[in-house]
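Every position in the sequence shown, counted from 1, becomes a number in our numbering once 3 is added. The structure appears below as structure tokens.
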Amino acid sequence: MLILGVSNENFDISYLGAPGTFSAILSAVVSVKLFDKINRLNILKIKDSDNSFILNKMIISIFPIAIILILFALLSYIVFALSGGSLQNILADLLYKFFQLIGVHKLIQGIVYMLMIQSLWFFGVHGTYLLYQVNDVYLNDLLNLNIQAMSNGFVPHEIVNTVFLNSFVNIGGCGATLALVIIFLVINKKKENVHKISKFGFIPSLFNINEIITYGVPVIFNPIFCIPFLIAPVVNLVVSYFSTIIGFIPVITQNVNWACPIFVSGYLSTQSINGVILQIALIVIDILIYIPFVNLYNSKKELEELFTESDIENIKTLKEAEHDRIRLINSLSDMYYAVFELNLESEQCVKVKIKDEYDDFDVINDFFNYVEGFIKENIPQDEQKDLLELLNKKNFIRALIEHDGILEIEYQCNYKGSNIWNRAGYILSEIRDDKPYMVTVTIRNVSDIKVEQEAHNQALKDAYEMARNANNAKTDFLSSMSHDIRTPMNAIMGMTVIAKNNKDNVEKLEDCLDKIETSSNHLLDLINDVLDMSKIESGKVTLNEEPLDLDSIIDDVLNIILPTARDKHITVKLNKEINHAFVQGDVLRINQIFLNILSNSVKFTPKNGNIQIFIREITPEYKNYISYEFKFIDNGIGMSEEFKDKIFTPFARSEESIIKNVEGTGLGMSIVKNIVDMMNGEIYVKSKINKGSEFTVILHLKSQDDIKNKTVKEDKIENKNYDFKGKKIPSCRG
């Protein structure tokens, strides 16, 4: 008023769409603060984490109302400054004249009036105050006509009146608020906050105080409630009108204050219990009108209740990447055997693509219930709990937001009788009104990948086990080597001392020198084994390919092991069937293979035992190469299955007491295996405890094209038998 420079003496600010702009805003803020104070008494038992969210919603709902009231007040000031008139009076006169000009049935006028009031209510303006002059003048005129008709003994015809509206149509003050409260209390038990707000607002709604529900839920400005908000009062008006026409209730002439409690007002205005019955019937009708819209509201509410302010910020960030994500989905869709689009609001999952063998359905309704049933029916029971918890709707949406809109789940399931592994991907593909709306669901069969992973993991476990065994074997090796090396060293040192003290005793001196030589050779063998294994492990061993004569190599090896065999009275039999003795290869390494195997055979075969050697040519596997099979069979002590599996492991030695007492490094067979592998050969072992062992070696040796092949013996067969149980038997020809 000061800005416009006009007098405010005659300006009535009592009604500016509410009991004054200032009082309206103040009352709204006070109601929110009051709600906060009451909540601190824990009457509603709302969680602290939810409390601020509810209050924020209530405060936010005040702003549109405040803006409307402020604009209305500003326009009122402008009108008053320009014309000295009241905007309130101008609007009232226009509406009054509008009703007079309509000239139609009073029921139609009542419907138009009710729609106008409810529309204003829906946009946060107290409609009855804005139209108070119409209410007080026009409708009161109708009421007076009814009273006049009654006093003259006539039946009143002006049925539409202010009592009629307040007592029947406007139950709860805002489109049947009491009915809405009842619905929220009955079917919204899972929505804790809405249920508690409705519980808090139930008693006030009986007295037509509706702000708790309209601002707390909120109902105003909520497009879901627009239709029932307008329709319910109109239906009530029509039902009440015809109830009067048929005489169920009398024509009302008693004006009842709007704050009179429901049911009491029905009785007082009609002076009949039928008024109460009609009010109950109207509440039931309103409940039926509101139920489908409340269900729709609940489906949206489930999403809204999930979000905190930080969630909304995350959603806005996700929204910016929405288009890139859609392009990614389109480009990667061929990777999956099934792709769906899930609507989080309706919980409907629609097929985008499914390969033929999986084409069971096009649409899944009630997706989360379907998933729950699928998990319980097809997922192993020990994995169900975590999946059921994650795929609960609220938890699922929360996880989706926390993982930047992309979520992956792997699960094992029984599908069409087959046990398969699936990887389900959930990608947030659309955000609507700053809330997750659409999710792309992808399903991929990863059974092959899981098999590979399990094989890889098993290989890692096996490698770890081998490394652990090797490490343990090295530890055992160091322990045994300390003994094995010390033994010949002690013998050498001891025999040296004895030799020095018996220089004049030739026989004693020669015996000491023989024992020193034996111990030195044994010590040298130990050192050579360790050095060979070290070279092999470091990759420093190379094969020296040169012309060789297999007959000579075999004879050399036999000449080395036969003295020991003679001492133990072991019979050695040789059988050869070869056409080509002259080939190319590494003489030293081939000799090492044969010598290690035969040395073990002699070492672990008891007295009077037998050793058989079979050598023959087999079908060549490589061009210009000749393949040979060498078998070494003994009837010695054999070995256990457990030790047989690790015989080629470095430093491995059997735990059998009879073997543990035999000198050795545990490197011989490991060296053999490595040399055979380097020559692209193969080696196999068969053995049984107390039955003996059989070693089979297959070598592929390059032929000597520039050297004339030697045919061994006339019949290509050579047999030798060295029987040391009695005397040596000369070589035999077949």
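Each residue gets a CB set at the ideal place from its N, CA and C atoms; glycine is no exception.
CB-CB length for residue i against residue j, believed under 8 Å
i: K518; j: M498; result: 5 Å
i: T608; j: N638; result: 7 Å
i: I738; j: K676; result: In the structure displayed, the chain extends from 4 to 737; residue 738 sits before or after that span and is not available.
i: G641; j: K691; result: 5 Å
i: L347; j: I400; result: 7 Å
i: V374; j: L345; result: Not a contact, Cβ separation roughly 10 Å.
i: L431; j: V442; result: 6 Å
i: I292; j: P231; result: 5 Å
i: G612; j: I573; result: 5 Å
i: S243; j: L183; result: The pair is not a contact, with the Cβ atoms about 19 Å apart (cut-off 8 Å).
Local Cβ density within 10 Å of residue i, reported as buried at 16 or more and exposed below that
i: T492; result: In the sequence on display, residue 492 carries Met and not Thr. With fewer than 16 other Cβ atoms within 10 Å, it is exposed.
i: D289; result: buried
i: V500; result: exposed
i: F370; result: buried
i: K579; result: buried
i: F245; result: exposed
i: R592; result: buried
i: V366; result: exposed
i: V287; result: exposed
i: V560; result: buried
i: S555; result: exposed
i: K199; result: buried
i: V297; result: buried
i: R447; result: buried
i: I650; result: buried
For residue i, the nearest candidate out of the options (CA to CA)
i: I596; options: L393, M682 and E513; result: M682
i: Q121; options: D528, F617 and F228; result: F228
i: Q615; options: F245, H198, L577 and D96; result: L577
i: G588; options: L551, G156, E620 and R471; result: L551
i: D437; options: A458, L516, I404 and E413; result: I404
i: L97; options: Y116, A84 and G87; result: Y116
i: V238; options: R569, A284 and S208; result: A284
i: A210; options: G156, E548, N155 and S268; result: Note that residue 210 is Phe in the sequence shown, not Ala. Taking only the C-alpha atoms, the option nearest F210 is S268.
i: E549; options: T567, V586, L527 and N155; result: V586
i: G671; options: T445, L391 and P653; result: P653
i: I111; options: V82, V241 and I230; result: V241
i: F251; options: I276, I434, C263 and A568; result: I276
i: N425; options: L291, L410 and S450; result: S450
i: T567; options: V189, L553, L601 and D558; result: L601
i: E697; options: L704, K689 and H703; result: K689
i: K634; options: K626, I618, Y625 and P623; result: I618
Simplified DSSP state of residue i, which is helix, strand or coil
i: I294; result: helix
i: L44; result: Bear in mind that a pLDDT of 48 at L44, under 50, signals an unreliable position, so the number given afterwards is only what the model happens to contain. The answer is coil: DSSP assigns L44 none of H, G, I, E or B.
i: F585; result: strand
i: M681; result: helix
i: C352; result: strand
i: K438; result: strand
i: C416; result: strand
i: N474; result: helix
i: I573; result: coil
i: S79; result: helix
i: V620; result: A quick correction: the sequence has Glu, not Val, at residue 620. Three-state result, E620: strand.
i: S122; result: helix
i: F251; result: coil
i: L431; result: strand
i: N425; result: strand
i: I446; result: strand
i: N493; result: helix
i: L403; result: helix
i: L394; result: coil
i: I409; result: strand
Beta-bridge partners of residue i, as assigned by DSSP
i: L702; result: Y631
i: D637; result: I614 and S696
i: S268; result: Looking at the DSSP assignment, S268 forms no beta bridge with any residue, so it has no partner.
i: P550; result: Q587
i: V688; result: F698
i: A341; result: I357 and I446
i: V366; result: V353
i: N346; result: Q351 and M441
Residue i CB to nearest heavy atom of the ligand NAD below 7 Å
i: E375; result: This structure lacks the ligand NAD, and indeed carries no ligand of any kind.
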